[in-house]
Amino acid sequence: TERFPEQGLGWMVLGALQWAAGNISEGLAAMQTSARLLPQDAETHANLGATLTKLERFAEAEPCLRRALEIDPGFAAAHVHLGDWYQMQGRYREAEASLRSATAVQSGGGPTDNDLRHSSLLFVLSHNPTQNAQALFAEHCRIGAILEADARVSRPHHRNTREPDRRLRVGWVSGDLGNQAGAHGSEPVRAQLQHRSLLQLHAYYNNPVEDGVTRRLRGYFAHWQPVTGLSDAQLARKIIDD
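According to the working numbering, the stretch in the sequence shown is residues 8 to 249, in order.
Encoded structure:
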């Protein structure tokens with residue numbers, strides 16, 4: 008961006024890298040610049056809208072997201088980010104509609120790939136106080152079948168022996184081993200399990216961002232593996248090898 012300050016793609020990538028590193032506020036200026044330099048690019052407007060949503064600047068975020076969908080109505084990322092925009096304001100019905108639109112379109116992969124589109128939908132449904140429990144369970148089963156379809160045939164098998172007194176190795180795969188509600192809620196469980204002589208805890212952390220809570224949680228695990236860059240097959244192989 009220093010050598011080519013009018014290159015919109017460079018600003019967009021810089022903003023995305025800042026986002027991935029957890030530097031949301033720092034990435035905002037880069038995304039605003041990219042949106043100015045690439046006025047007809049749906050992705051840069053969607054990224055800017057998502058950043059403003061994350062910062063809870065909802066009034067500024069909406070026109071960016073609407074603009075992205077105006078440019079490309081089939082851009083899945085914009086539908087996902089608009090769903091997040093609705094969800095953060097407690098507008099669950101509209102959020103669900105946006106996320107179902109995201110699962111129906113084809114374009115706009117990358118960070119908002121098929122898995123994330125479906126998991127975002129389940130997240131919204133799980134937080135909607137009007138959602139029926141049976142319907143929610145059925146939706147989890149339906150989406151689970153979709154996500155597992157490709158992996159079911161090639162799923163590897165564990166080679167562990169079956170001795171009942173063998174030390175049991177338990178793996179936790181999570182992107183929330185940080186300052187997240189799930190991490191705080193399950194921390195007392197990990198604190199108890201780490202002292203069990205017949206257990207050995209392994210962590211597979213698929214989030215590039217670490218904070219003070221992450222560093223504290225490391226102490227509960229005998230082995231800690233950052234796995235953000237691994238494919239599903241590579242992660243499965245790592246878990247089996249461990």
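Ideal Cβ placement from N, Cα and C applies to all residues, glycine included.
Closest option to Thr51, judged by alpha-carbon separation, among Ser32, Gly29 and Leu21: Leu21. Sixteen is the threshold: since fewer than 16 other Cβ atoms of the shown chains lie within 10 Å of the Cβ of Thr137, the residue is exposed.
Bounds of the alpha helix (DSSP H) holding Arg74 are Phe65 to Ile78. With fewer than three CB-CB distances shorter than 8 Å, the stretch 174-193 does not count as touching the stretch 144-155.
DSSP places Arg223 in the uninterrupted alpha helix (DSSP H) bounded by Gly219 to Leu224.
Distance from the CA atom of Tyr227 to the CA atom of Gln201, rounded to whole angstroms, is 6 Å. With fewer than 16 neighbouring CB atoms inside 10 Å of its own CB, Leu154 falls in the exposed class.
Counting along the chain, Pro233 sits inside the beta strand (DSSP E) bounded by residues His230 to Pro233. Distance from the CA atom of Asn167 to the CA atom of Asp248, rounded to whole angstroms, is 10 Å. Residue environment for Gln141: exposed (fewer than 16 other C-beta atoms within 10 angstroms of its C-beta). In the three-state reduction of the DSSP assignment, Ala210 falls in the strand class.
A residue is called buried once 16 or more other Cβ atoms fall within 10 Å of its Cβ, and Ala85 is buried on that count. Rounded to the nearest angstrom, the gap between the Cα atoms of His209 and Gln232 is 8 Å.
Per DSSP, reduced to three states, the secondary structure at Val180 is strand. Closest option to Glu103, judged by alpha-carbon separation, among Arg174, Leu132 and Arg223: Leu132. About 14 Å separates the beta carbons of Cys71 and Gly90, which is beyond the 8 Å limit, so they are not a contact pair. Taken through DSSP and simplified to helix, strand or coil, Leu175 comes out as strand. By the neighbour-count criterion, in which a residue is buried when 16 or more other Cβ atoms sit within 10 angstroms of its Cβ, Asn54 is buried.
With 16 or more neighbouring CB atoms inside 10 Å of its own CB, Arg74 falls in the buried class. Excluding five sequence positions before and after Gln96, the CB atoms of its chain that fall closer than 8 Å to its own CB belong to Phe65, given in chain order.
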